[in-house]
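Notes follow once the structure below has been shown.
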Amino acid sequence: MKKIVAEFDLCTGCEICALICSAERLGGFNPDRSCLNLNLFQDGVYNFPRTCQQCQLAVCSQVCPTAAMQVKEKQGIVGVDEEKCIGCGNCEEACPVDMVKVDPQNDKALKCELCDGEVPCVVGCPNDALGVYEQ
């Protein structure tokens, strides 16, 4: 499985990654609707980007009543089939790292799917604080 990893000591808290993510996934610059979160600690002394861990035994997929959330072994990710998703929020509640959310704009589950391998948030990070790791 692939996942985005963060080097918190390189992160400046600029939120460019979150802006890129929201623009790429949703067509607008809104960090609150990004598929990654940026935790700012101690008044900016250190920052920690959080992303989906692409769990091999993904709890989010196990609790989905419609099988909309599935581990896609070939792509190395956990993905959402929006046509099957009913927006029940079970996946959001079950995610151990709080990286699945139901998008209030369309009532569908939203999580990082590594942008089909393009990962523009990683490419756009000005400090190389993000990278892709394959387990």
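At position 119 of the sequence shown (counting the first as 1) the number is 119 in the working numbering, and the numbers step up by one without a gap. Glycine included, C-beta positions come from ideal geometry on N, C-alpha and C.
Run through DSSP, which three-state label would residue i get?
i	result
Asp103	strand
Ile86	coil
Pro126	coil
Pro49	strand
Ala138	Not covered by the structure: residue 138. The range shown for the chain is 1 to 135.
Glu92	helix
Leu114	helix
Out of the options, point me to the one whose CA is closest to residue i's CA.
i	options	result
Ala23	Cys35, Ala68, Cys91, Pro104	Cys35
Cys60	Asn47, Cys88, Val132	Cys88
Gly114	Phe48, Gly76, Asp32	The question names Gly, but residue 114 is Leu in the sequence shown. The option with the nearest alpha carbon to Leu114 is Gly76.
Lys101	Arg33, Cys14, Ile16	Arg33
Asp9	Pro31, Leu40, Phe29, Leu26	Leu40
Ala94	Ile16, Thr12, Pro65	Pro65
The beta strand (DSSP E) spanning residue i covers which residue range?
i	result
Gln70	69-72
Val5	2-6
Leu40	37-41
Measure the CB-CB distance between residue i and residue j and report whether it falls below 7 Å.
i	j	result
Ile20	Pro126	no
Met1	Gln56	yes
Ala6	Leu130	yes
Cys91	Lys108	no
Lys3	Gln54	yes
Val78	Ala68	no
The alpha helix (DSSP H) that contains residue i, what's its start and end?
i	result
Glu24	16-26
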